[in-house]
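Residue numbers (the working numbering), protein chains in the order written: chain V, 1 to 526; chain X, 1001 to 1152. Backbone N, C-alpha and C fix where the C-beta goes; we use that ideal spot for every residue, glycine too. Below: the structure, in structure tokens.
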Amino acid sequence: MNIVRNHILISIDAGTLMAGARAVEDALIKELTKYGLDKEVSVLETGSLGITGRGVVLVVYPEGIYYADVTIKDVPELVEEHLLKGRPLKRLILTEAPKRTIITKEKTGLLKEQPRIVLKNCGFINPENIDEYIAAGGYEAIAKALQTMTPEDVVNEVKESGLLGRGGAGFPTGLKWEFAIKTPGDEKFVICNADEGEPGTFKDRLILEGDPHKLLEGMLIAGYAIRATTGFVYIRGEYSLSIERIEKAISDARSYGLLGKNILESNFSFDIFVKKGAGAYVCGEETALIESLEGKRGHPRNKPPFPINAGLWGKPTLVNNVETLANVPEIIRNGAAWYKGYGTEKCSGTKVYTILGHVATPGLIETEMGTTLKDIIFEYGGGIREGKAFKGALIGGAAGAFIGPEMLDVKMDFINLREYAAALGSGAILVMNEDTDMVDMLKSVLHFFKHESCGHCAPCRLGTAKLVDIIDEIAALKGKKEDLERMVEITQAMKNASFCPLGQSVSLPVSSALKYFRDEFMARVS
Amino acid sequence: MYREEILKKYEPSLDNILYILHDLQDNNPQHYISKEDIEVCANFLNIPYSYVHGVVTFYSMFSLKPRGRYIIRLCESPPCHLMGSESLLEYLKKKLNVKIGETTKDGMFTLELTSCLGICGVAPAMMINDEMVGNLTPERIDAILEERRQTS
Ligand SMILES: Cc1cc2nc3c(=O)[nH]c(=O)nc-3n(C[C@H](O)[C@H](O)[C@H](O)COP(=O)(O)O)c2cc1C
Ligand code: SF4
Ligand code: FES
Ligand code: FES
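Next up, the structure:
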């Protein structure tokens, strides 16, 4: 028997792949073999380690030392120093690494250490190996549900947990499932919304790449709970690694009897298929997604009927976000009471965020609901790059809200953010330093909407075009004071008259930019 | 014919249309959906030509215009914009001597814009065919383009 002395976990995600992670992995294995260390030191692939923009990242266990910006040229030295001689290679050590998973209690004022529920396995297991997921307690929750719970019990547990949907404005997941269970129908569907197109958001991609089985398990539980027969994962077309990993996970789960007929010898049969999008932000909206999945142009549908009553091919359909579903296995495994121990009173659990822009360490974090923006930016994000001052942030992507420094102390959850609730779901936090031109940023947001308006209804099609004309004028110093009010009026009209939430959501970035940075806009107009 | 080979992989069911179109476009030497591609797809799924055309025009990953060997899709969404994608766009336009949506004279590169690619941790970012690249600077772009020129 071999005794493995060290494990090297190399992060394989879209970010590290582009930095040459595979080449580094091959070089590592070659180099280890050269020294005859290949039996003692195992090289394992894992998903994102939550560190972005630092090239190829890997961790050496048991020491838990993170290395970043590793290139093939560094490999001989790394192997010789650390793995042969046992001296960590200081030059490449990532010192800020551990900070992003744990903030001390004293600092956050929160009662507990920062937990990982959704990202528990990300960066620790090989996402392409079903055995590792199982070894980490995977598929225990579906077994527990099938063996000890009725579908109604499962729905109640999820309801009890207080889980709110992570894809949109935080609709209570348990309630949605309850509607689904009550809707009659011999055929029902579960759709996982992995269309992730909100600018600045890539949490779902990292879940798909880092722990695809967790998503499958969440879908299985949802399928059992609402008595569905088939699930679909609708993934945006650009996410090739996610698609590859989830397809591999599905085929492995099938061969283990975890998908298909009579799962774990129960009466429950369920299978999952992947559907790939082709580039359209509006397809993230659940009814547009369903149209697209059916093979049509992705125009949103009228609501009601809601997908829960008449969705895919007119059948009752449950649509949930990736992150929402990834919470479910842990809720079932550990119980609703355990889950409610995290987060705030009305908003339980954790939230995954992507921190971007002018921060020292952009990346992905998971933290309890209720963490302040200040902690997220200054503790996890390492503060503003190059010692500059914080000016503002755009939270929740293009359909999100601009905020100024006065909002830093707000505890982030769906309730506290109220009108900004939609912004929280996406979890994107784009941080801007003192030099940022807010007019220019709003311009970029409005261009995005003009481009992504599907053109189905006039208020949104014409409104977004008009807004772009106005903001372009303002940016070119040709705008007038009245233009600012014009923008607000247009977005209000769009809010009232647009057919789908895309057109309705444009008012949030516009009104918030004008609220927090009005002076800057005033200075540009005559 | 390669198109028949592609169709063999799919059930003739409407919900496969995006897969079929992706596959046809990826295998078209000019990386676009030609009239012939649309016809083949329409016949296979037993739907009107105009229906397929409508689907193709809806999704930004599909093109009705012949494109170059390498398609550059530069992200212009707010996170990349904040990190300087606009000046990179100017750089690319000048360097390739094309406007947005055009292909270089030698047929090597097509320049397009895209919304967020979900790799904003390394903004500014772009895709070149299937590959994502980030932390872009003019120097990095030079190196990437040069590498593509060398390999073809
Ligand atoms: C324009 C638009 C884009 C959206 N994009 C996404 C998306 O990419 N992912 C997602 O899960 N939900 C997205 N949503 C929200 C979905 O319509 C839906 O509310 C959500 O998938 C429900 O999942 P949840 O209950 O788990 O949050 C979008 C909504 C709109 C209006
Ligand atoms: S509001 Fe915009 S995105 Fe929604 S249906 Fe109308 S045009 Fe399409
Ligand atoms: S949004 Fe596409 S060109 Fe402006
Ligand atoms: S904004 Fe450019 S990749 Fe997300």
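Closest residue to residue i among the options (Cα-Cα distance)
i	options	result
Leu574 of chain V	V:Asn433, V:Asn126, V:Ile29	Residue 574 of chain V is absent from the model: chain V starts at 1 and stops at 526.
Ala258 of chain V	V:Ala194, V:Lys276, V:Glu217, V:Lys296	It is worth fixing the name first, because residue 258 of chain V is Leu in this sequence and not Ala. Checking every option, the nearest Cα to that of Leu258 of chain V belongs to V:Glu217.
Asp519 of chain V	V:Val439, V:Cys454, V:Met494, V:Leu446	V:Val439
Ser613 of chain V	V:Gly397, V:Asn416, V:Glu434, V:Ser453	With chain V represented from 1 up to 526, any question about residue 613 of chain V goes unanswered, as that position is not in the structure.
Glu285 of chain V	V:Phe268, V:Ile384, V:Lys303	V:Lys303
Tyr380 of chain V	V:Glu386, V:Gly363, V:Gly387, V:Phe390	V:Gly363
Gly341 of chain V	V:Gly138, V:Thr71, V:Ser161	V:Ser161
Ile355 of chain V	V:Ile377, V:Tyr224, V:Phe499	V:Ile377
Ala1125 of chain X	V:Thr367, V:Ala476, V:Phe402, V:Gly357	V:Gly357
Asp409 of chain V	V:Ala399, V:Gly392, V:Gly400	V:Gly392
Lys443 of chain V	V:Ala476, V:Pro459, V:Tyr66	V:Ala476
Ala222 of chain V	V:Leu289, V:Pro115, V:Lys85, V:Asn320	V:Asn320
Ile429 of chain V	V:Thr229, V:Tyr224, V:Asn496, V:Asp375	V:Asp375
Tyr353 of chain V	V:Arg333, V:Ala389, V:Leu462, V:Gly167	V:Gly167
Ser269 of chain V	V:Lys276, V:Lys261, V:Lys275	V:Lys261
Lys34 of chain V	V:Thr71, V:Leu44, V:Val75	V:Val75
Ala225 of chain V	V:Lys176, V:Ala278, V:Ile272	V:Lys176
Pro199 of chain V	V:Met494, V:Glu345, V:Ile395	V:Ile395
Beta carbon proximity, residue i to chain X, threshold 8 Å
i	result
Leu394 of chain V	yes
Arg297 of chain V	yes
Leu111 of chain V	Caution is warranted here: a pLDDT of 32 is assigned to Leu111 of chain V, below 50, making its placement in the model unreliable, and the coordinate value is therefore given only provisionally. By this cut-off, Leu111 of chain V is not an interface position.
Phe517 of chain V	no
Gly357 of chain V	yes
Ile103 of chain V	Annotation note: pLDDT 36 at Ile103 of chain V (below 50); position unreliable, coordinate value reported separately. Output row for Ile103 of chain V: interface = no.
Glu178 of chain V	no
Met487 of chain V	no
Gly170 of chain V	no
Lys107 of chain V	Legend: pLDDT at Lys107 of chain V = 41, less than 50; position of this residue unreliable, no value from coordinates given.
His213 of chain V	no
Lys99 of chain V	Per-residue confidence for Lys99 of chain V stands at a pLDDT of 40, beneath the threshold of 50, marking its modelled position as unreliable; the derived number appears in the next sentence. Answer no: the Cβ-Cβ gap between Lys99 of chain V and chain X never drops below 8 Å.
Met407 of chain V	no
Close-in-space but distant-in-sequence residues of the same chain around residue i (CB under 6 Å, 5 per side omitted)
i	result
Glu330 of chain V	Ile117
Thr491 of chain V	Val506, Ser507, Val510
Gly138 of chain V	His213
Thr104 of chain V	Because Thr104 of chain V carries a pLDDT of 37, less than 50, the predicted location of this residue cannot be relied on, and the following value inherits that uncertainty. There are no such residues.
Cβ-based neighbour list, residue i, same chain, cut-off 7 Å, excluding 5 preceding and 5 following
i	result
His1053 of chain X	Ile1038
Asn1135 of chain X	Val1122
Lys1065 of chain X	Tyr1032
Val525 of chain V	Ile474, Gly479, Lys480, Lys481, Asp483, Leu484
Asn309 of chain V	Thr183, Pro316
Phe1062 of chain X	Leu1021, Gln1025, Ile1033, Val1056
Ala197 of chain V	Checking the sequence, you will find Gly at residue 197 of chain V rather than Ala. Around Gly197 of chain V: Arg236, Tyr281, Gly284.
Arg5 of chain V	Glu40, Val41
Neighbour flag for residue i against chain V, beta carbons, 8 Å
i	result
Asp1142 of chain X	no
His1053 of chain X	no
Pro1078 of chain X	yes
Ser1060 of chain X	yes
Asn1135 of chain X	yes
Leu1031 of chain X	The question names Leu, but residue 1031 of chain X in the sequence shown is His. Chain V contact via Cβ: absent.
Ser1159 of chain X	Absent from the structure is residue 1159 of chain X, since the part of chain X shown begins at 1001 and ends at 1152.
Leu1018 of chain X	yes
Glu1146 of chain X	no
Cys1116 of chain X	yes
Asp1037 of chain X	no
Contacting residues, own chain, Cβ-Cβ under 8 Å from residue i (five flanking each side not counted)
i	result
Gly123 of chain V	Leu9, Ser11, Thr46, Gly47, Ser48, Leu49, Gly50, Val59, Gly210
Leu514 of chain V	Leu484, Met487, Val488, Phe521
Tyr1002 of chain X	Asn1027
Gly15 of chain V	Ser48, Thr52, Gly53
Arg1140 of chain X	Val1133
> Using a Cβ cut-off of 9 Å, which residues of the segment 375-402 of chain V contact any Cβ in chain X, in chain order?
Replying inline: Legend: CB atoms of the segment 375-402 of chain V lying less than 9 Å from CB atoms of chain X belong to residues Leu394, Gly397, Ala398.
> When Cβ atoms are compared, which residues of the segment 2-24 of chain V fall closer than 7 Å to chain X?
Replying inline: Listed by position, the residues of the segment 2-24 of chain V near chain X (Cβ gap below 7 Å) are Ala14, Gly15, Met18.
> Along the segment 1081-1102 of chain X, what residues have a CB closer than 8 Å to any CB found in chain V?
Replying inline: Considering only beta carbons, the part of the segment 1081-1102 of chain X lying closer than 8 Å to chain V consists of His1081, Leu1082, Met1083, in chain order.
> Mind listing which residues of the segment 436-448 of chain V have their C-beta closer than 8 Å to chain X's C-betas, in chain order?
Replying inline: Those would be Thr436, Asp440, Met441, Ser444, Val445, His447, Phe448, in chain order.
> Which residues, taken in chain order from the segment 228-255 of chain V, show a beta carbon closer than 8 Å to some beta carbon of chain X?
Replying inline: Residues Arg236, Gly237, Glu238, Tyr239, Ser240.
>> Please identify, using Cβ separations under 9 Å, the residues of the segment 283-309 of chain V that lie next to chain X, in order along the chain.
In response: Within the segment 283-309 of chain V, the residues whose Cβ lies closer than 9 Å to some Cβ of chain X are Cys283, Ser292, Leu293, Glu294, Gly295, Lys296, Arg297, Gly298, His299, listed in chain order.
>> Give me the subset of the segment 258-284 of chain V whose CB atoms are less than 9 Å from a CB atom of chain X, sorted by chain position.
In response: In summary, the residues of the segment 258-284 of chain V whose CB is separated from some CB of chain X by less than 9 Å are Lys275, Lys276, Gly277, Ala278, Gly279, Ala280, Tyr281, Cys283, in the order they occur in the chain.
>> By the 8 Å beta-carbon criterion, what residues does the segment 1120-1133 of chain X contribute toward chain V?
In response: Here the close residues are Cys1120, Gly1121, Val1122, Ala1123, Met1127, Asp1130, Glu1131, Met1132, Val1133.
>> Along the segment 341-354 of chain V, where does the CB come closer than 8 Å to a CB of chain X? Name the residues.
In response: Listed in sequence order: Thr354.
> Name the residues in the segment 446-469 of chain V whose C-beta lies less than 8 Å from a C-beta of chain X; which are they?
Replying inline: Taking a C-beta cut-off of 8 Å against chain X, the contacting residues of the segment 446-469 of chain V are His447, Phe448, His451, Glu452, Cys454, listed in chain order.
> If contact means a Cβ-Cβ distance below 8 Å, which residues of the segment 478-509 of chain V contact chain X?
Replying inline: Taking a C-beta cut-off of 8 Å against chain X, none of the residues of the segment 478-509 of chain V qualify.
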